[in-house]
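*Asks:* Take the sequence shown: its letter number 139 is residue 139 in full-length UniProt numbering, and every next letter is one higher.
Backbone N, C-alpha and C fix where the C-beta goes; we use that ideal spot for every residue, glycine too.
This is the structure, below, for whatever I ask next.
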Amino acid sequence: MGAGAWLGWVDCPPLLCAYALLKHSLWGSVLMPLPLLGLCMAFFESGFDTGTVVHEPDGSSNNGIFQINSRLWCNDYKTSSSNLCHMHCSDLLTSNIKDDIVCAMHIVQQPQGMGIWMSWRQRCKGQDLSIWVEGCNVKGG
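As C-alpha cells, then:
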C-alpha cells in the first residue's frame, strides 16, 4: 500500500502526514523518544510504503515501512528466522503500523540501536532532521 493510500485521510504534505501518523501511532509519545529519527529512516527505507518487500540474496526479506528483516525479526515461513519480534512478516505489510513500531522499538533497544538500518546511518544520523516537521506546528525529537 502506497503512502498516499494510508495518508490520504489528512490534507497536508506527505512528510507532515507521515509524521502525524507516526506520532499518533505512539512512536513518539510512548514507544520512541526520537520520532524524527524514525521518520527519516522510514522515508529512506520504504518511501513510507507499508507494502514494500525487498528480497535479499540470502533468501531473507525486508518488510514494511521500516524494512524489518525476516532472518532475525519476523517469520516469513520461507527462511529460518529467530523471529525476535514474535510476529509474521506479513503483519508488517498492512496500513496498521503499530506492530511495526513495536518491533522497531525492540530492534533499537539492541546494541546497534538505529545503526542496524543502513539508510539511517548514511542519510539520517547526524543530520538536521527539522526538515521533517518544517511547516507544521509539531515539535520533533
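Measure the C-alpha to C-alpha separation of residue 90 and residue 49 and round it to an integer number of angstroms.
*Replies:* The sequence position of residue 90 within the sequence shown is 90, counting from 1. The sequence position of residue 49 within the sequence shown is 49, counting from 1. The straight-line gap from Cα to Cα measures roughly 14 Å.
*Asks:* Check whether the stretch 113-121 touches the stretch 38-53, counting contact only when three or more Cβ pairs, one atom from each stretch, lie closer than 8 Å.
*Replies:* Taking 8 Å as the limit for Cβ pairs, the verdict is that the stretch 38-53 does touch the stretch 113-121.
*Asks:* Is residue 115 a contact residue of the ligand SAH, with contact defined as CB to any heavy atom under 7 Å?
*Replies:* By its list of ligands, the structure shown contains no ligand whatsoever, and the ligand SAH lies outside what it can speak to.
*Asks:* Report the option in 126, 129 and 63 whose CA atom is closest to the CA atom of residue 97.
*Replies:* By one-based count along the sequence shown, residue 97 stands at place 97. The candidate whose alpha carbon is nearest that of residue 97 is 63.
*Asks:* Look at residue 74 and residue 92 and say whether their C-beta atoms are less than 8 Å apart.
*Replies:* Here residue 74 refers to the residue found at position 74 of the sequence shown. Here residue 92 refers to the residue found at position 92 of the sequence shown. Yes, these two residues count as a Cβ contact at 8 Å.
*Asks:* Tell me which same chain residues have a C-beta within less than 7 Å of the C-beta of residue 76, skipping the five on either side of it?
*Replies:* One-based indexing of the sequence shown puts residue 76 at position 76. Around residue 76: 61, 70 and 89.
*Asks:* Between the Cα of residue 78 and those of 111, 104, 65 and 59, spot the shortest distance and give me the residue it belongs to.
*Replies:* Here residue 78 refers to the residue found at position 78 when the sequence shown is read from its first residue. It is 59 whose Cα lies nearest to the Cα of residue 78.
*Asks:* Taking the straight line between their C-alpha atoms, what separation do you get for residue 27 and residue 57?
*Replies:* As a position in the sequence shown, residue 27 is number 27, starting the count at 1. As a position in the sequence shown, residue 57 is number 57, starting the count at 1. Unreliable positioning characterises residue 27 in this predicted model, as indicated by a pLDDT of 46, which lies under 50. A coordinate reading is not provided.
*Asks:* Bridge partners for residue 68 per DSSP, in chain order?
*Replies:* By one-based count along the sequence shown, residue 68 stands at place 68. Paired residues: 63.
*Asks:* If you draw a straight line from the alpha carbon of residue 53 to that of residue 104, how long is it in whole angstroms?
*Replies:* In the sequence shown, residue 53 corresponds to position 53, counting from 1. In the sequence shown, residue 104 corresponds to position 104, counting from 1. Residue 53 and residue 104: Cα-Cα distance of roughly 16 Å.
*Asks:* Is the beta carbon of residue 129 closer than 8 Å to that of residue 72?
*Replies:* As a working mapping, residue 72 is identified with position 72 in the sequence shown. As a working mapping, residue 129 is identified with position 129 in the sequence shown. No, the Cβ-Cβ distance between residue 72 and residue 129 is not below 8 Å.
*Asks:* Using the Cα positions of residue 99 and residue 86, report the straight-line distance between them to the nearest angstrom.
*Replies:* For the purposes of this step, residue 99 is identified with residue 99 of the sequence shown, where counting begins at 1. For the purposes of this step, residue 86 is identified with residue 86 of the sequence shown, where counting begins at 1. Computed Cα separation, rounded: 10 Å.
*Asks:* Between which two residues does the alpha helix (DSSP H) containing residue 154 stretch?
*Replies:* Residue 154 lies beyond the residue range present for the chain, which begins at 1 and ends at 141; the question has no answer from this structure.
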